[in-house]
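Colleague: In order, the protein sequence lines correspond to chains A and B.
Just so we're on the same page, our numbering is the position in the first sequence counted from 1, plus 6.
Just so we're on the same page, our numbering is the position in the second sequence counted from 1, plus 43.
Using N, Cα and C, we set each Cβ at its ideal position, and we do this for glycine too.
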Amino acid sequence: QSALTQPASVSGSPGQSITISCTGTSSDVGGYNYVSWYQQHPGKVPKLMIYDVSNRPSGVSNRFSGSKSGNTASLTISGLQAEDEADYYCSSYTSSSTAVVFGGGTKLTVL
Amino acid sequence: QVQLVQSGTEVKKPGASVKVSCKASGSSFTGFYIHWVRQAPGQGLEWMGRINPDSGATDYSQTIQGRVTMTRDTSISTAYMELSRLRSDDTAMYYCGRPHSSSSYCVDYWGQGTLVTVSS
């Protein structure tokens with residue numbers, strides 16, 4: 007059982023926007039601005055898409071954006087493209103037990 | 044450009060230990076934490092721990108604390124992750140990673156991964 011809760015799957019059509027949620031507690035997501043999001047294509051190494059809730063590393067498309075409200079963080083992908091089909095994971099710093107926790111992952115399907 | 048190169052595939056028997064290396068280049072080795080993350084086949088990402096290459100200080104996930112040891116050799120810019128008392132559910136791809144320059148709690152640069160298979 008993962009420390010952060012994500013939906014198992016989401017889907018959307020090309021051009022649409024989708025949002026993936028990541029729910030934690032006040033000891034992790036809600037208490038700190040250290041939420042990150044990763045994209046992973048099958049058989050590939052994960053790629054950092056968002057760090058510190060809403061910051062994009064250099065080279066990441068501005069179609070990807072992050073936000074947080076209370077104990078839930080969100081990743082929004084606008085203008086959905088076929089290449090966005092992948093697994094997405096959130097992570098957060100946590101003050102309880104470990105320094106970093108991951109969500110269980112969300113499979114994004116582009117219809 | 045930051046590069047992390049990991050050691051090769053390992054096959055181990057239950058109860059044995061495995062030591063995976065991660066050689067860094069392209070940036071100050073002692074300037075950033077090295078994180079270790081693993082992924083069992085068909086499963087999600089699991090954070091294992093991190094090491095401060097400068098001081099050697101470590102933080103470990105509670106789920107594997109007691110079986111994992113992270114070390115480093117600054118003279119060759121290499122970090123190590125050793126996992127002992129291996130079980131079949133330790134079979135996974137093991138990744139090392141370095142954070143983004145602006146945040147310590149994410150992984151921006153990843154090694155290529157080391158597949159560890161535990162089987163009798």
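Out of curiosity, what's the CA-to-CA distance linking T52 of chain B and L158 of chain B?
Modeller: 5 angstroms
Colleague: So, helix, strand or coil for D132 of chain B, using DSSP?
Modeller: helix
Colleague: Looking only at its chain, what residues have a beta carbon closer than 7 angstroms to the beta carbon of Y57 of chain A, apart from the 5 residues adjacent to it on each side?
Modeller: S42 and P63
Colleague: Could you list which residues in chain B have their beta carbon closer than 7 angstroms to that of F52 of chain A, in chain order?
Modeller: At residue 52 of chain A the sequence reads Pro, which differs from the Phe that was named. Within 7 angstroms Cβ-Cβ: L88 and W153.
Colleague: Between M113 of chain B and W153 of chain B, is the Cβ-Cβ spacing less than 9 angstroms?
Modeller: no
Colleague: For K56 of chain B, list the residues DSSP reports as bridge partners.
Modeller: K56 of chain B pairs with nothing; no bridge assigned.
Colleague: Can you look up A14 of chain A in the DSSP assignment and give me helix, strand or coil?
Modeller: coil
Colleague: For chain B, check one thing: does any of its Cβ atoms lie closer than 9 angstroms to the Cβ of S15 of chain A?
Modeller: Answer no: the Cβ-Cβ gap between S15 of chain A and chain B never drops below 9 angstroms.
Colleague: Would you say the stretch 58 to 67 of chain B touches the stretch 119 to 129 of chain B, given that touching needs at least three Cβ pairs under 8 angstroms?
Modeller: yes
Colleague: Going by DSSP in three states, T31 of chain A sits in which element: helix, strand or coil?
Modeller: coil
Colleague: Quick check: what's the CA-CA separation for K55 of chain B versus S19 of chain A?
Modeller: C-alpha separation (whole angstroms): 44 angstroms.
Colleague: So which of A:T82, A:N61 and A:Q87 has the shortest CA-CA distance to S146 of chain B?
Modeller: Of the listed residues, the one whose Cα sits closest to S146 of chain B is A:N61.
Colleague: Could you check if L117 of chain A is buried or exposed, using at least 16 other CB atoms within 10 Å of its CB as the buried criterion?
Modeller: Exposed: under 16 other Cβ atoms inside 10 Å.
Colleague: Which bits of chain A does S146 of chain B rub up against, with CB to CB less than 8 angstroms?
Modeller: Y40, S42, Y57, D58 and N61
Colleague: Can you grab the Cα-Cα spacing for the pair T160 of chain B / S23 of chain A, in whole Å?
Modeller: 39 angstroms
Colleague: Which whole-angstrom value is the C-beta distance of S97 of chain A and G109 of chain A, which I expect to be below 8 angstroms?
Modeller: 7 angstroms
Colleague: Which of the residues in the stretch 90 to 109 of chain B, read from start to end, lie with their CB under 7 angstroms from any CB of chain A?
Modeller: W90, R93, D102, S104 and Q105
Colleague: Looking at chain B, is there any beta carbon in it that lies within less than 9 angstroms of the beta carbon of G36 of chain A?
Modeller: no
Colleague: Grab me the residues of V106 of chain A's own chain with a C-beta within less than 8 angstroms of its C-beta, minus the 5 sequence neighbours each way, in chain order.
Modeller: S97, S98, Y99 and T100
Colleague: What does V48 of chain B reach in chain A if we use C-beta pairs closer than 8 angstroms?
Modeller: None at all; the shortest Cβ gap to chain A is about 13 angstroms.
Colleague: 9 angstroms is my cut-off, CB to CB: does S33 of chain A come that close to chain B?
Modeller: no
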